[in-house]
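Novice:
Numbering (full-length UniProt numbering), first residue to last: 1 to 216.
As structure tokens, then:
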């Protein structure tokens with residue numbers, strides 16, 4: 001089990017074979033093509049979990065993830081992570097130095113993908129239009145730094161309850177989902193103007209076939 005007191009990372013999916021993340025995010029990438037684990041790289045402020053699994057196309061159920069509450073301040077260049085995946089149940093764990101669990105969750109294939117995507121999210125009617133430059137200028141003022149493909153929000157409409165936005169699709173699942181999480185951070189931090197990090201991912205639903213015919 002993962003302690004609720006632990007800080008949490010961004011959980012991302014890679015489709016297919018995306019093994020890098022911008023250094024501006026101050027995070028490392030852990031990626032694998034089943035059943036082999038390939039790389040863990042660079043300095044960690046937060047950890048992004050990335051994977052490609054040809055037999056899992058949609059994700060449901062509860063996903064819990066966390067990062068160590070105290071990260072090394074660039075004194076350690078590499079942290080060694082291991083991944084355990086139970087193919088039958090879909091349960092997985094990420095271990096630091098093969099002993100400490102820093103992330104756990106479950107991956108499932110949804111029985112009815114169309115029904116999962118039919119749920120509407122309520123937002124306020126009094127929305128303010130923001131351009132991409134306005135969104136990222138605001139995020140930068142709070143302490144976030146996004147560059148290049150990780151500036152995927154093209155425009156946003158923000159209200160007191162939720163937001164609606166256009167997010168660019170370039171074929172990179174890692175940057176695409178990161179941009180979606182940026183919207184949550186942007187909306188939740190609007191009142192306090194503070195830097196927010198996600199503490200838990202309850203559920204992510206992905207149907208990569210919807211994006212397969214879209215050109216970025």
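Heads up, the beta-carbon is just placed ideally off N, CA and C, and yes, glycines get one too.
1. Since residue 185 contacts residue 176 with CB under 8 Å, what's their CB separation in whole angstroms?
2. Measuring CB to CB, does residue 128 end up less than 8 Å from residue 157?
3. Thinking C-beta only, is residue 95 closer than 8 Å to residue 82?
4. In whole angstroms, what separates the C-alpha of residue 214 from that of residue 172?
5. What separation, rounded to the nearest whole angstrom, lies between the Cα atoms of residue 135 and residue 164?
6. Using DSSP with H/G/I as helix, E/B as strand and the rest coil, what is residue 178?
7. Alpha carbons only, please: which of 84, 99, 98 is nearest the one belonging to residue 92?
8. Can you tell me where the alpha helix (DSSP H) holding residue 140 begins and where it ends?
9. Indicate the three-state DSSP secondary structure (helix, strand or coil) for residue 114 in the structure shown.
10. Which first and last residues belong to the beta strand (DSSP E) in which residue 100 is found?
Specialist: On the basis of the supplied data:
1. Wrong, their Cβ atoms sit about 15 Å apart, outside the cutoff.
2. Yes. Within cutoff.
3. The answer is yes: Cβ separation under 8 Å.
4. Straight-line Cα distance between these residues: approximately 12 Å.
5. Going by the C-alpha atoms only, they are around 12 Å apart.
6. DSSP places residue 178 within a helical segment (H, G or I) once states are collapsed to three.
7. Selected option, being the one with the closest Cα: 84.
8. Looking at the DSSP string, the run of the alpha helix (DSSP H) that includes residue 140 is 132–142.
9. Correct three-state label for residue 114: helix.
10. Secondary structure note for residue 100: its beta strand (DSSP E) is the uninterrupted segment 100–106.
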